[in-house]
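Here the structure is laid out as structure tokens; the discussion comes afterwards.
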Amino acid sequence: MAYTASITALRHDALVHVIVDDKMYARQFSNNADAAGFYETAKSTALHPTQVNVSTLVSDLDPGHTLKMNDILTERNGKFYLTGYEAAAIPETLLVRMTNLLQEGKSITSMINFWKLLILNPDTHVREDLFKFMDTYDFPITDNGYFIGYRACKQTNKKYSAVTNFVPKEYLMLKAEGLNPADYTAVKDPEGGDLKAVLTEVLQDDKGNFIAPENVLGNLESMFQDQNNGLVEAPEFTDHWSGTTSVRLGGSVSMPRADCDNNPKNACSSGLHIGTPEYVKKFGGSGSAFIACLVNPMNVVAVPSDYSYMKMRVCEYYAYGMVDLTKGVEIRTPYFEIDYKTWEERELEKQLEELVEAAQPEDCKAQGFRQILAERLHVAV
């Protein structure tokens with residue numbers, strides 16, 4: 044018998060109301076972007092009201108609601124599966140992390156979304172080993188299930204204004220400190236011409252003097268958003284090894300999966316490399332730009348057998364922004380308002396179309412894949 048639930052979601056700016064069966068919940072967010080993301084999750088759950096999805100949604104809505112492992116897991120032959128998503132068993136390391144988070148009363152939404160994306164990865168060894176590797180080096184996971192890694196790049200000869208270099212770097216620095224870039228304005232020092240971010244409610248220089256309008260460049264959040272939308276020219280980088288990769292902040296970098304080496308025993312081979320902060324700091328010296336990247340677990344191609352290399356190979360990553368690793372600043376905040384779901388949708392739509400055309404009704408594995416893809420795209424199947 045299929046699991047059923049009636050779910051209605053309403054949103055007004057940063058406030059989201061959700062009705063689950065006959066009970067209403069309300070959640071106030073700090074900004075509209077966060078509320079919009081949660082509203083989309085609620086709508087997707089209404090389209091796909093599995094036991095896992097509904098239990099997780101209610102847990103995130105009601106701080107007093109404790110999500111239990113038996114609400115979300117199914118045991119079969121000594122292995123545990125996400126209920127309704129039995130295409131692959133959950134690796135032990137991820138299972139332990141989920142259990143610990145639940146015991147601490149914390150949300151496991153990010154872990155569930157991460158695992159659903161990892162189920163879509165065609166390489167079995169990646170599904171089994173990725174989280175163990177990530178857990179070893181503490182890669183943060185976003186609410187949408189992506190994880191954050193790093194690349195060392197070099198800037199090309201193309202010239203850029205200081206603003207476009209400053210904005211993504213300062214944006215990431217504030218995020219790393221747990222601050223909201225929407226609260227800051229980018230300004231130019233009228234004496235030295237240097238750029239800095241100041242609280243919008245202050246808008247004064249270091250001496251307490253009011254900053255003239257001609258030196259106020261704009262809200263840091265808005266400028267970052269404009270850069271991603273292509274309204275402001277973004278800096279272009281390339282890799283240190285070949286110098287042929289085009290890396291633009293706010294865009295994805297990819298290569299055909301078939302051209303990547305998926306053998307985990309080969310430490311250095313073909314593919315796009317994503318590493319830990321310690322790994323990427325070895326490259327390029329003081330001239331390197333350190334790029335924070337979002338990676339979809341389904342796009343990981345090889346997890347190294349030898350963990351000392353501190354890197355993995357992927358076929359796609361999203362260049363999120365610059366961060367100053369020389370000062371020990373890493374991205375520790377695991378939530379980002381702007382995930383690269385728009386870049387993800389094209390590939391997911393293609394996969395869903397292929398599954399709908401090819402899958403037979405009795406193909407349970409394909410049905411599980413279809414459901415995950417449909418949830419990500421917020422469509423009914």
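Each position in the sequence shown, counted from 1, maps to that position plus 43 in the numbering used here.
A virtual CB, placed ideally from N, CA and C, is assigned to each residue, including glycine.
Residue Gly107 holds the alpha-carbon nearest to the alpha-carbon of glycine 148 among Gly107, Leu337, Tyr124. Taking 8 Å as the upper bound for CB-CB distance, isoleucine 62 and arginine 194 are not in contact here, some 44 Å apart. Between proline 340 and phenylalanine 157, the beta carbon gap of about 6 Å places them in contact (Cβ cut-off 8 Å).
Straight through space, the alpha carbons of valine 259 and tyrosine 189 are spaced by roughly 34 Å. Cβ-Cβ distances below 7 Å link tyrosine 82 to Ala52, Arg54, Val59 in the same chain, with the five nearest sequence neighbours on each side left out; the list follows chain order. DSSP, read as helix, strand or coil, puts methionine 353 in coil. Nearest to alanine 301 by C-alpha distance, out of Val357, Ile317, Tyr350, is Val357. Between glutamate 359 and serine 297 the beta-carbon gap is near 4 Å, inside 8 Å, which marks them as a contact.
Around alanine 255, the same chain offers Pro233 as residues with beta carbons nearer than 8 Å, after the five sequence neighbours per side are excluded. For tyrosine 383, DSSP assigns no beta-bridge partner whatsoever.
With a minimum length of 3 residues, the unbroken runs of beta strand (DSSP E) contained wholly in the region 160 to 200 fall at 190 to 198. Taking a contact to require three or more Cβ pairs closer than 8 Å, the region 165 to 185 and the region 128 to 144 qualify as touching. In this structure, serine 295 places its C-beta atom within 7 Å of the C-beta atom of tyrosine 361. Nearest C-alpha to tyrosine 68 among Asn342, Met112, Ser102, Asp178: Ser102. In this model, methionine 141 and glutamate 373 are separated by some 23 Å (Cα to Cα). Taking a 10 Å sphere around the C-beta of lysine 159, we find 16 or more other C-beta atoms and assign the residue as buried.
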